[in-house]
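Participant:
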Amino acid sequence: MTHQPNQLRQVRAAEAVRLAEDGYRVIDVREPFEWDQGHVPSATLIPLADLLARAPELLPDRTERLLLHCAVGARSMRASAHLVSLGYRDVVNLVDSLGDWRAAGGAWEAPAPLLTPAQQRRYSRQTLIPEIGAKGQRVLLDSKVLLIGAGGLGSPVALYLAASGIGTIGLVDDDLVDESNLQRQVVHTADRIGQPKTASARTTLEALNPETRVIEHRERLSADNVERLITGYDVIVDGTDNFDTRYVLNDAAVKLRKPVVHGSIYRWDGQVTTFVPFAGPCYRCMYPVQPPEELAPACAVAGVLGVLPGIAGMLQANEVFKLLLDVGETLAGRLLMFDAMTTEFSEVRIWRDPACPACGESSPWLAEPATDEARQEVPA
Amino acid sequence: MSSIRIPPVLREEVGGERVVEASGASVSEVLDQLFAAYPALGARVTQDGKLSPFVNVYVNDRDVRYQQGLETPVGPNDTVILLPAMAGG
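Protein chains in written order, with the numbering used here: chain V, 297 to 676; chain D, 449 to 537.
1) Strictly under 8 angstroms for the Cβ-Cβ distance: is isoleucine 529(D) near chain V by that measure?
2) Can you give me the start and stop residues for the beta strand (DSSP E) that glycine 466(V) sits inside?
3) In whole angstroms, give me the CA-to-CA distance for glycine 429(V) and arginine 459(D).
4) For the region 435-522 of chain V, list the beta strand (DSSP E) runs that are entirely contained and at least 3 residues long, ordered along the chain.
5) Step through the CB atoms of chain V and report whether any lies within less than 8 angstroms of the CB of proline 521(D).
6) What residues in the region 516-549 of chain V have a beta carbon less than 8 angstroms from any beta carbon of chain D?
7) Closer than 8 angstroms, CB to CB, is glycine 536(D) near chain V or not?
8) Between arginine 553(V) and proline 573(V), which are expected to be in contact by the criterion C-beta below 8 angstroms, what is the C-beta distance as a whole number of angstroms?
9) Helix, strand or coil for threonine 527(V), going by three-state DSSP, please let me know.
10) Kindly say whether glutamate 330(V), judged by its beta-carbon, lies nearer than 8 angstroms to any beta-carbon of chain D.
11) Could you tell me how far apart the beta carbons of leucine 504(V) and alanine 459(V) are, in whole angstroms, since I believe they sit closer than 8 angstroms?
12) For a quick check, are the C-beta atoms of aspartate 470(V) and glycine 447(V) less than 8 angstroms apart?
13) At least one CB of chain V closer than 8 angstroms to the CB of proline 487(D): is that the case?
14) At what residues does the beta strand (DSSP E) containing glutamate 640(V) begin and finish?
15) For the candidate residues Ser658(V), Leu436(V), Tyr562(V) and Leu304(V), whose alpha-carbon lies nearest to that of leucine 449(V)?
16) So, helix, strand or coil for alanine 533(D), using DSSP?
17) Helix, strand or coil: how does DSSP classify serine 471(D) here?
18) Since arginine 326(V) and proline 343(V) should fall inside the 8 angstroms C-beta cutoff, what is the C-beta to C-beta distance between them, to a whole number of angstroms?
19) If you run the structure through DSSP and keep just helix, strand and coil, what is valine 585(V)?
20) Using a beta-carbon distance cut-off of less than 8 angstroms, what residues from the region 587-612 of chain V approach chain D?
21) For the region 357-375 of chain V against the region 316-331 of chain V, are there 3 or more C-beta pairs whose distance is under 8 angstroms?
22) I'd like the span of the beta strand (DSSP E) that includes arginine 648(V), first residue to last.
23) Please work out which residues of its chain come closer than 7 angstroms, Cβ to Cβ, to glutamate 688(V), disregarding the five sequence neighbours upstream and downstream, and give them in chain order.
24) Is the beta carbon of valine 391(V) sitting closer than 8 angstroms to the one on leucine 362(V)?
25) So that I know if they touch, is there some Cβ in chain D lying closer than 8 angstroms to that of serine 460(V)?
26) Just confirm the distance between the C-beta atoms of isoleucine 489(V) and valine 473(V), as a whole number of angstroms; I'd bet it's less than 8 angstroms.
27) Might you give, ordered along the chain, the residues of its own chain that have their beta carbon closer than 6 angstroms to the beta carbon of valine 674(V), omitting 5 neighbours on each side?
28) Taking Cβ-Cβ distances below 8 angstroms as the criterion, which residues of the region 443-467 of chain V are in contact with chain D?
29) Between Val505(D), Ile529(D), Asn525(D) and Asp526(D), which lies nearest to leucine 518(D) when the distance is taken from Cα to Cα?
30) Tyrosine 419(V) versus chain D: which residues are under 8 angstroms apart at the beta carbon?
31) Between serine 560(V) and chain D, is any beta-carbon pair separated by less than 8 angstroms?
32) Can you name the residues of chain V whose CB is closer than 8 angstroms to the CB of phenylalanine 502(D)?
33) If you drop the 5 nearest sequence neighbours on each side, which residues of the same chain put their C-beta closer than 7 angstroms to that of leucine 627(V)?
34) Starting from methionine 373(V) and walking both ways along the alpha helix (DSSP H), at which residues does that stretch end?
35) Under the rule that 16 or more other beta-carbon atoms within 10 Å means buried, what is glutamine 672(V), buried or exposed?
36) Would you mind stating whether alanine 497(V) and asparagine 538(V) have Cβ atoms separated by less than 8 angstroms?
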């Protein structure tokens with residue numbers, strides 16, 4: 297076939313398939329959401345709206361043989377005309393639909409949809425982020441996060457995890473909603489005073505995102521139930537209000553190799569870090585010896601600024617997302633401290649202690665392999 | 449003079465200050481001077497004249513347990529941080 301340079305050619309599906317096999321570079325000018333629903337495997341995606349801006353970078357050679365397509369041939373017609381006007385010398389437009397392309401034997405890749413159309417709409421603002429995308433959202437939807445405590449720290453964490461589409465949220469708490477909680481425990485409401493906190497939180501979370509499964513564990517974490525409670529979850533968020541629970545949780549999490557996102561608050565101060573068993577320090581590495589109770593008063597005794605657990609909880613939720621998505625850098629090995637009075641963040645380094653009774657060299661759990669299930673659930 | 453950051457649970461013992469100053473060439477010397485200036489603080493975090501093990505001590509961002517303990521050198525521009533665990537949630 298002969299043609300004049302700098303002229304746009306229009307071809308039917310059968311001819312387009314032949315040209316592609318003959319080495320024409322296939323350019324798909326549809327939108328990313330259309331691409332995700334199926335595409336020509338060798339194609340380059342350049343949405344029409346981006347074409348003029350990105351052509352110099354993605355199509356540097358104006359003599360390259362180009363075959364453009366969209367869904368039915370209209371957008372690619374405009375795109376082809378743009379390219380010809382820019383001086384591209386061999387531009388071919390597929391005037392038929394992609395259905396015709398496939399019927400003519402054109403190569404096609406239709407990945408199993410990761411997200412339903414409703415999920416694509418609901419989570420579009422985070423799937424647009426390159427580090428998340430549809431794949432990352434699928435990971436979040438399949439993830440299970442356990443919150444120890446549905447109080448000050450647990451409230452903001454739960455709200456944002458549910459809003460973002462974490463598939464399963466477990467809540468461990470045996471308290472009832474009290475009027476004095478409402479100043480900071482924003483998952484609860486005034487009309488639910490006296491209800492179990494897990495039930496109140498569940499009502500809020502299910503209203504926020506009906507897709508999130510909320511599991512109530514209406515009990516107090518103890519050495520007797522801790523392993524049963526945490527075993528099915530991917531990440532544990534520690535928002536408890538006492539040392540005993542924190543040490544009990546630490547030891548079980550090290551044993552079962554569950555990452556724990558730690559938060560603690562006092563008046564105007566907050567501390568956040570992430571413990572990844574055997575990869576970084578654990579709570580006992582950081583605090584081998586528990587302070588006397590009078591040096592560790594709970595919020596009920598010492599008081600706490602309402603926004604403080606909000607700030608610390610947001611930082612915890614941020615850690616959860618990085619652990620689940622396996623992106624970025626967590627706070628493992630760093631204790632982040634926040635002083636609300638001066639609005640200052642500072643950090644100290646925390647180290648794995650070789651003498652740590654939980655995760656050190658003499659750890660009883662070092663040699664004991666985690667269950668296959670537990671090991672798979674620990675993000676790398 | 450080195451700065452010593454006082455954790456919130458111990459601020460009452462230093463008159464509500466968040467940061468106090470003391471001099472000394474090592475953590476131990478700095479703490480001795482600190483506890484001499486604020487005996488209530490010393491009473492809270494020492495046992496038998498020794499720093500209680502529940503208080504972590506950092507020079508800048510480094511835990512002295514992984515340096516030379518209480519003999520870790522302290523420079524005039526260094527910040528010493530006293531940090532017991534915090535429980536609230």
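Ideal Cβ placement from N, Cα and C applies to all residues, glycine included.
Facilitator: Taking the coordinates as given:
1) yes
2) 464-468
3) 47 angstroms
4) 440-444, 464-468 and 509-513
5) no
6) Asp534, Gly535, Thr536, Asp537, Asn538, Phe539 and Arg542
7) yes
8) 5 angstroms
9) coil
10) no
11) 6 angstroms
12) no
13) no
14) 640-645
15) Tyr562(V)
16) coil
17) coil
18) 7 angstroms
19) coil
20) Pro587, Pro588, Leu591, Ala592, Pro593, Ala594, Cys595, Ala598, Val600 and Pro605
21) yes
22) No beta strand (DSSP E) contains arginine 648(V), which DSSP labels as neither H nor E.
23) The requested residue 688(V) is not part of the displayed model; chain V covers only 297 to 676.
24) no
25) no
26) 5 angstroms
27) Residue placement at valine 674(V) is flagged as unreliable, the pLDDT there being 38, under the threshold of 50; the coordinate-derived value follows with that caveat. Taken in chain order, the residues that qualify are Arg553.
28) Gly445, Gly447, Gly448, Leu449 and Gly450
29) Val505(D)
30) The contacting residues do not exist; tyrosine 419(V) stays about 29 angstroms from chain D at best.
31) yes
32) Tyr583, Val585, Gln586, Pro587, Pro588 and Leu591
33) Val568, Thr569, Thr570 and Glu615
34) 370-381
35) Because glutamine 672(V) carries a pLDDT of 42, less than 50, the predicted location of this residue cannot be relied on, and the following value inherits that uncertainty. With fewer than 16 Cβ atoms within 10 Å of its Cβ, glutamine 672(V) is classed as exposed.
36) no
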